[in-house]
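For reference, the structure is listed below as structure tokens.
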Amino acid sequence: MAATDAAVQHPPGAGHQRTGGISSSLLGMVLFIASEVMFFGGLFGAYFTLRTAAPEWPPPGTPPLEDWYALILTAVLVSSSVTMQIGVFAIRRGDQRALVRWLLISLVLGLLFLAGQANEYRMLISEGLTLSSGVFGSTFFTLTGFHGAHVAGGAAFILVVLLRARSGQFTSRYHDTVEMCSYYWHFVDVVWLGLVSTIYLLSA
Amino acid sequence: MAITEARPSAAASGSHQLRPGRHPIMEWLTTTDHKKIGIMYLVNSYFWFLVAGLLAMFMRTELAEPGVQYFADERFNELFTMHGTTMIFLFIIPMLAGFGNYIVPLQIGALDMAFPRVNALSFWMLPLAGIVLFSGYLTGGAACAGWTEYPTVSLQACGGSTIATDLWIAALLLVGTSSILGGVNFITTIFNMRAPGMSMFRMPLFTWTMLVTSLLVLLATPVFTSALVLLLIDRNLGGSFFDPAEGGITVMWQNIFWFYSHPAVYVMVLPAMGIISDVLPVFSRKPLFGYKAFVFATAGIGALGFSVWAHHMFATGAVLLPFFSAMTFLIAVPTGVKFFNWIATMWRGKVQFTAAMLFAVGFLTMFLVGGIDGMFLASPVVDFGLTDTYWVVSHIHYVLFGGSVFGVYAGMYYWFPKFTGKRLNEGLGKVHFWLQMIGFNLTFFPMHVLGLLGMPRRIADYIPYDNWTGLNQVETIGSLLIAVSTAPFLANVWLTLRRKDRDPENPWDANSLEWYTTSPPPAHNFDSLPEIRSERPLFDAKHANDLAVHADATTTTETGAR
């Protein structure tokens, strides 16, 4: 088994790639996440610029956001990050069955978050807050919407990793894709913490 | 020979499918080989260079005399918008990335880029972006609010077309994604794929500049992407980010846009600086003077590049003038360091004025002019008078044409034998250089004067005033010369490709690793690698060889067994 792992990790022809240090796929993922951070940085920059320039925030007539609802969503997403990491620990030990189990739980929690967000959108839109209802609506739906799109992308990533894990493609030594997926999922989680603290908790 | 370290090559080539019996067109369409992708980058970018150059010729024709002759205001707005957008996003940035694609893995002794399929994806987004951008003309008119697309103008319909600006946004989202993926790829390649012995401070300077450029791309481009999606939401989904009538802030676009677009200026020039830093030592027959100083200066320019964006916005009155002015002046320091590197490299060298060297020295002189007239603009007081005049047009062309384009041609003449095994014709190259040098200065130098006389940019018409007409006519003649100067270049490429005989593998007797392998290199790049003990592995290899066999010290251009 160990011999097979080594062959997978060092395919022929990559002889003079460096061993040790961070693998190329993980480094690539970290760099990609850095660019995503800058993307959300631009969105947050726009949010704060508009917010500081507004005479009143939230603007009068804005339907109130429900902090408790956002905190439930937060609990769901943060726990999905935890379950994801437990899955990573499992595959580091070589426990393929536990990996599948924890990936599945993380995926369900991620979809639960998306469903919760969709429900919140439905409630807010019925109260008159939309993308085109003014500065608050524009920033709210743009920031949370792009975050939601990233959660959806992350969920798709988890699904792919889950299917690959079910067919036993990952081992204790060869599971870079699982690690990449977990990095991305934690990143999405951290962005949400930033959104909750600025849009909801600091809204008063 | 003894100096080379044998490496398995059969297994390596197996990982890179060069399937015999496959149609060459399919091979190119589906390739993940960094060299083929690099060539496609170069060809595609050069095509858009010619297209954008044609748009510039239309503008110069219109401006040859006062009055509106050929392109009325709306058409003229489209011309300068599409010219700027195409030159920057479809030519300069991808052209330099194309050199990076071909050369960086060879310079560090890698088999390919770290993510070959992502690399192919990065490339194929670019022709698509070009088609999306120019499809605006099919909808009644192209994007027209300038390459900077400031709202509220960019929130409105454009000439005859309501969606031309949306197509512009879509095209730039594609280019941006392509750049970001390319950046991830370059950084990972340079950090993780270096050959044994190729430490960071032994990398050729072109690779160093590509590394810093990629970091800028990685951190700045996504911010531009965020601005683009906000503009898209404002235009199509009723968002209110930029429209003051709905509580938005117009100047916010400028802040986000320039937070990207100023670092992007260095994305457009740092690799060109890297090219001439590889070319100057080869044709001065000396190592580059102050290697580490050059590396730190490059990093310094990259870092400072993030703190000067608002110097594009002095005239808005909405930015902190002293801070952004001081930071802008500060950038002249690392740039000055590089100028001393380059001049001291040539100083007392055996300078050979090949076409590549001429273009490198052309970069040096023309970029200096562009840097100095940029320093005028760094002073807010002067900028208030010169903003939106032809002085700004002159400055951007001295740094991006006099700088980047001269650098691109230097790289083209220098690396063409690496791409094809054949040198471009030196005589035609010199004709190309002098035509371009004269045409360039005739076109853009009088713009300084016109700017000081107060002629505004981005207008189709002007009054015959203060000899504006005469200066404009000189510029139009100069631009014609630039257009003509591409003919000897294209003829040169055509004739050289048709030529049967081949030049030596290392025709310039250069010392960086890309010249160790055959020209053009095999699919897996290297059959063997030399021991790398300095930033000039080929020089070391030759030297060791001479010592080992006690041969006479005449320089041989052949570098041993392959």
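Protein chains in written order, with the working numbering: chain A, 1 to 204; chain B, 1001 to 1562.
C-beta: ideal position from N, C-alpha, C; glycine also.
For the set B:Gln1107, B:Gly1247, B:Asn1506, B:Gly1182, the Cα lying nearest the Cα of Ile1275 (chain B) is the one of B:Gln1107.
Closer than 9 Å to the CB of Phe113 (chain A) there is not a single CB belonging to chain B. Under the DSSP assignment, Pro1322 (chain B) falls in the alpha helix (DSSP H) whose first and last residues are 1321 to 1346. DSSP places Pro1530 (chain B) inside the beta strand (DSSP E), whose first and last residues are 1528 to 1530. Per DSSP, reduced to three states, the secondary structure at Cys1158 (chain B) is strand. Within the model, the alpha-carbon separation for Val1223 (chain B) versus Ser1214 (chain B) is close to 15 Å. No Cβ of chain B is located within less than 9 Å of the beta carbon of Phe157 (chain A). Taking the CA atoms as reference points, Val1184 (chain B) sits about 37 Å from Gly134 (chain A). Within the region 56 to 126 of chain A, the complete alpha helix (DSSP H) segments at least 4 residues long are 67 to 92, 96 to 126, listed from N- to C-terminus.
Leu124 (chain A) has a beta carbon lying at 9 Å or more from every beta carbon in chain B. Per DSSP, the continuous alpha helix (DSSP H) segment holding Leu1126 (chain B) begins and ends at 1116 to 1134. In the DSSP assignment, Pro1287 (chain B) is bridged to no other residue. At a beta-carbon threshold of 7 Å, none of the residues of chain B lie near Met180 (chain A); the nearest stands roughly 12 Å away.
Taking 9 Å as the threshold, the shortest C-beta distance from Pro1222 (chain B) to chain A falls below it. Taking all protein chains in view, the Cβ of His1448 (chain B) is crowded by 16 or more other Cβ atoms within 10 Å, so the residue is classified as buried.
The region 114 to 126 of chain A makes contact with the region 135 to 151 of chain A; the number of CB pairs closer than 8 Å reaches 3 or more.
Of the candidates B:Phe1283, B:Val1282, B:His1262, the residue whose Cα lies closest to the Cα of Gly1302 (chain B) is B:His1262. Residue environment analysis places Thr1225 (chain B) among the buried positions, since at least 16 neighbouring C-beta atoms fall within 10 angstroms of its C-beta.
Bridge pairing for Thr1389 (chain B): B:Pro1456 [DSSP]. Per DSSP, the continuous alpha helix (DSSP H) segment holding Ile1025 (chain B) begins and ends at 1024 to 1030.
If you ignore the 5 residues before and after Val1217 (chain B), its C-beta comes within less than 6 Å of the C-beta of Ser1179, Gly1183, Val1267, all in its own chain and listed in chain order. Counted as a single uninterrupted DSSP element, the alpha helix (DSSP H) harbouring Arg1060 (chain B) occupies residues 1034 to 1063. With the criterion set as a beta carbon lying under 9 Å from some beta carbon of chain A, the members of the region 1186 to 1197 of chain B are Ile1187, Thr1188, Thr1189, Phe1191, Asn1192, Met1193, Arg1194, Ala1195, Pro1196, in sequence order.
Val1369 (chain B) and Trp1468 (chain B) have their alpha carbons spaced roughly 22 Å apart. Every alpha helix (DSSP H) stretch that sits fully inside the region 1438 to 1505 of chain B and reaches 4 residues is listed by chain position as 1468 to 1498. At a cut-off of 9 Å between beta carbons, Glu36 (chain A) contacts chain B. Contact check for Phe1289 (chain B) and Thr1221 (chain B): beta-carbon distance about 33 Å, past the 8 Å limit, so the pair fails to qualify. Following the DSSP letters along the chain, one finds Val1212 (chain B) inside the alpha helix (DSSP H) bounded by residues 1205 to 1236. In this structure, Ser1325 (chain B) lies near Ala1378 (chain B), with their beta-carbon atoms less than 9 Å apart. Taking a contact as a CB-CB distance under 8 Å, the pair Ala1310 (chain B) and Trp1258 (chain B) counts as one, their CB atoms being some 7 Å apart. For Val1184 (chain B), the chain A residues whose C-beta falls within less than 8 Å of its own C-beta are Gly28, Leu31, Phe32, Ser35, listed in chain order. For Ser1226 (chain B), the nearest CB of chain A lies under 9 Å from its own CB, placing it at the interface with that chain. Around the Cβ of Leu1490 (chain B), a 10 Å sphere holds fewer than 16 other Cβ atoms; the residue is exposed. Excluding residues up to 5 positions away in sequence, Leu65, Asp67, Ala70 lie with their Cβ nearer than 7 Å to the Cβ of Tyr200 (chain A) in the same chain.
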